[in-house]
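Q: Residue numbers (UniProt numbering): 1 to 449. Quick one: this structure, given as C-alpha cells, is what I'll be asking you about.
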Amino acid sequence: MSFPHLKWLSVALASILFLNPFWAKAQDSYTVTVEDIAKRKVQVTAKLFPESDTLLMSPFGATHLKDGWATFIEDLKISNSEGEKIDFTKMDNGVFILANSQKNKPIHLSYNVNIRHEQSKWPFGYKEAAYINDEMLMATGNALFLTRLDVDSATVNFQLKQPYKVANAWKQTAPATYVANGAEELVWTVLAIGNFNLSEIQTGKTKILLAYSNDLSASKKTIESTIRKAVEKYEAIYGSSPSKQPSAPDKYLYVMNVDTSYVGGGAAFTNSISILLNATPAHTTKAGTTSWHHILIHEIGHLWNGRSLKTDESTDWFNEGFTDYLAYKVEHELGLMNKGEWKEIISQKQLGYSKAREKNKASLASAGKDKGSNYDIVYSGGLQFAHKLDTEIKEATNNKKGISDFMKNMFAAYASREQAVKNEEIKAIAEQTCSCDLSSLFQEVKDQN
Ligand SMILES: [Zn+2]
C-alpha cells in the first residue's frame with residue numbers, strides 16, 4: 001500500500017527546505033571588537049532572529065545587581081534590516097522587551113560592554129564576571145552577550161587589534177570565528193582577549209589551553225606539569241577522559257591570573273575555568289583551600305564531576321565535597337601535600353562542618369539551595385562524607401576497594417546522562433561498590449530539614 005498524499009507532502013516539504021532560504025535555519029551571529037584592553041571597552045554587534053519580543057542577558061550570576069549583567073551595557077541600539085530603529089523597554093535583571101513583535105525577522109544590535117566588573121563586589125569574586133590586567137581582558141559570556149533564551153547556535157567573530165588574540169572554549173570554524181551551541185555554551189563560558197601567554201597541554205585525549213599573564217610566566221613549567229599529572233591521576237580515578245559524550249569538546253580553556261588582594265579561588269564554566277590565585281605558585285605552598293595547587297586541581301576535577309557527571313542543588317554536596325576530597329587526595333599522591341597536612345585538613349573540615357551544622361540545621365541535600373551561606377555544609381560536609389564513604393568502602397572490602405572504585409562506577413553509570421544524579425543513585429552505586437548496606441551513613445544526607 002502506498003500513501004501518495006504523504007509522499008507528495010514530504011517531497012513538497014523537502015523542496016521548501018532545500019530551495020527556500022526562508023526555511024533555512026537562521027543562525028544568530030555576533031561580532032566582538034576590542035581596540036585596546038586598557039580602555040575597558042568591548043564593542044558588540046549582532047544579528048539575531050528572535051522568536052519572541054524578549055531579549056536578555058544571562059539571568060545567572062549577577063542577581064545581586066538590579067539590572068543584572070546589563071549594568072555594564074551602554075549605547076544599546078536595535079534596528080530592523082531596513083535600518084529602522086526598534087524601540088525597547090529595559091526591565092530589571094537585564095531583560096529587554098521589543099516594542100513590536102519581530103518574530104521571524106532578523107534584528108540588528110549594537111552596544112558596548114564597559115569592563116568595570118572587578119571594581120564592584122561579586123558574591124563569589126569578580127573572576128566569575130570580567131576583569132582586565134596589563135595583558136588580558138577576561139570576560140565570561142554572561143558579561144558580553146545580549147541574547148534570546150531559545151537560541152540554537154550562534155557564531156562569534158572577533159575583530160581584534162594586532163597583536164591581540166582570543167582564547168575561548170568554542171569550536172573554531174574559521175580563523176577568527178567560533179560557534180557556540182545553545183545559550184548555555186554562549187554565555188556560561190570564559191574567554192580571554194589580549195596579548196597574553198597561551199600554552200597547550202595535551203594529556204592523552206584531553207587538551208587544555210592555559211591562558212595566563214606575565215605574572216605567572218616564571219611558574220609556567222610547574223603549572224603545566226601539575227595540570228598534566230593531575231589529569232592523569234583523575235583519568236585513573238574515573239577510568240575515563242573527562243567527557244564520555246559523543247559531542248565531547250576538542251579542548252578546555254583555563255584562564256589563570258594572580259591578584260594578591262583576592263582570597264584566591266576558581267570557578268568552572270562550560271568547558272572552561274576561571275582561576276584567580278592569591279600568590280604566584282611556589283613549591284613551598286602549604287596545602288589548603290586557597291593554595292595554588294588546590295584551586296587548580298579542584299577545578300580540574302570538575303571536568304569529571306560537575307560537567308560530565310551532572311548535579312543539582314540537592315547533590316551539590318557530592319559535586320563540591322567529593323571534588324574537593326579527590327583534589328586533596330591527588331595533591332597528596334603528587335607529593336604536594338604530606339600525610340600530616342592531609343590528616344589536618346580532614347579534621348579541620350570535620351570541625352568546620354560540625355560548627356556549621358550547629359548554627360544551621362540544613363542537611364547535605366538541602367544545603368545546596370543556598371551555597372553561599374551553607375558553604376561549610378556543602379564543601380566541608382561533602383568532603384567529610386567522602387572521607388567516611390572511602391573508609392567504609394575500604395573496611396567492607398578489606399582494602400580492595402575505595403573511593404576511586406565508587407567514582408569509576410558513578411562515572412560509568414551517569415557521565416553520559418543529561419539529567420543530574422540523584423541522592424538515591426549515589427547511595428545505590430556506593431552500596432554496589434562495597435557490597436554493603438550504607439543506610440546509616442546516608443542518613444546524614446537527608447536528615448533534618
Ligand atoms: Zn568546585
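Glycine included, each C-beta is placed from N, C-alpha and C at the ideal position.
1. Are the CB atoms of V330 and K221 within a distance shorter than 8 Å?
2. Identify the residues that DSSP records as bridge partners of H108: which are they?
3. Taking 7 Å as the cut-off, is the C-beta of H298 nearer than that to any heavy atom in ligand 1?
4. With a 10 Å radius around its C-beta and 16 neighbouring C-beta atoms as the bar for buried, classify A24 as buried or exposed.
5. With hydrogens ignored, establish whether the beta-carbon of E320 is closer than 7 Å to any heavy atom of ligand 1.
6. Considering only residues of the segment 343-387, which uninterrupted alpha helix (DSSP H) runs meet the minimum length of 4 residues and lie entirely inside it, listed in chain order?
7. Roughly how many angstroms lie between the CA atoms of H64 and R116, to the nearest whole one?
8. Could you give the C-beta distance for I295 and L309, rounded to a whole number, given that I count them as a contact under 8 Å?
9. With a threshold of 8 Å between beta-carbons, can S272 be considered close to chain D, or not?
10. Tell me A29's beta-bridge partners as DSSP assigns them.
11. Measuring alpha carbon to alpha carbon, tell me which residue in H387, L144, Y252, A169 is nearest K343.
12. With a CB to CB cut of under 6 Å and the five nearest residues on each side skipped, what residues in its chain are close to A267?
13. CA-CA distance, A218 and A167?
14. State the Cα-Cα distance for the pair K349 and L383, rounded to the nearest angstrom.
15. Pick out whichever of G288, N374, L209 has its Cα sitting closest to the Cα of S347.
16. One question on the structure: do V156 and V32 come within less than 8 Å of each other, judged by their Cβ atoms?
17. Hey, how far is the Cα of M91 from the Cα of I73?
18. Specify whether the segment 395-407 and the segment 426-433 touch according to this definition: at least 3 beta carbon pairs, one from each stretch, less than 8 Å apart.
19. Select from F88, L303, K85 the residue whose C-alpha is nearest the C-alpha of K207.
20. Quick one: residues in its chain with C-beta nearer than 6 Å to the C-beta of N374, no 5 flanking neighbours on either side, listed in chain order?
21. Given a cut-off of 8 Å, decide if E320 and Y379 are closer than it, judged by their beta-carbon atoms.
22. For K286, which residues in the same chain have their Cβ closer than 8 Å to its Cβ, ignoring the five residues on either side in sequence?
23. In three-state DSSP terms, what is V421?
24. Return yes when the C-beta of H294 is under 7 Å from any heavy atom of ligand 1, and no when it is not.
25. Judging by CA-CA distance, which residue of A62, L109, P59, M57 is the nearest neighbour of E82?
26. Give a yes or no on whether the C-beta atoms belonging to I107 and L198 are separated by under 8 Å.
27. Are the beta-carbon atoms of residue 536 and Y30 separated by less than 8 Å?
28. To which residues does DSSP link L276 through a beta bridge?
29. Counting only the same chain and skipping the five closest in sequence on each side, list residues whose C-beta sits under 7 Å from that of E200.
30. Any heavy atom of ligand 1 closer than 7 Å to the Cβ of residue 470?
31. Could you pull out every residue in the same chain whose Cβ sits closer than 6 Å to the Cβ of Y126, ignoring the five residues on either side in sequence?
32. From this set, T260, G301, S240, A174, which residue's C-alpha is nearest A230's C-alpha?
33. State the CB to CB distance for the pair T311 and A420, rounded to an integer number of angstroms; the pair is presumed to be in contact (CB under 8 Å).
34. Quick check: does the Cβ of H302 come within less than 7 Å of any heavy atom belonging to ligand 1?
35. Are there 16 or more other CB atoms within 10 angstroms of the CB of P242, so buried, or fewer, so exposed?
36. Helix, strand or coil for A236 per DSSP?
A: Taking the definition as stated:
1. no
2. K47, S79
3. yes
4. The pLDDT assigned to A24 is 49, lower than 50, so where the model puts this residue is not dependable, and the model offers no usable value.
5. yes
6. 364-367
7. 16 Å
8. Between L309 and I295 the Cβ distance is about 20 Å, and since that is not below 8 Å, they are no contact.
9. Going by chain labels, chain D is absent from the structure shown, which holds only one protein chain.
10. Before going further, note that residue 29 is Ser rather than Ala in the sequence given. Bridge partners of S29: K47, T155.
11. H387
12. E128, S274
13. 21 Å
14. 7 Å
15. G288
16. yes
17. 13 Å
18. yes
19. L303
20. A362, A367
21. yes
22. E341
23. coil
24. no
25. L109
26. no
27. A question about residue 536 goes unanswered here, because the residues of the chain that appear run from 1 up to 449.
28. N257, G265
29. K207, L209
30. The requested residue 470 is not part of the displayed model; the chain covers only 1 to 449.
31. H117, E118
32. G301
33. 5 Å
34. yes
35. buried
36. helix
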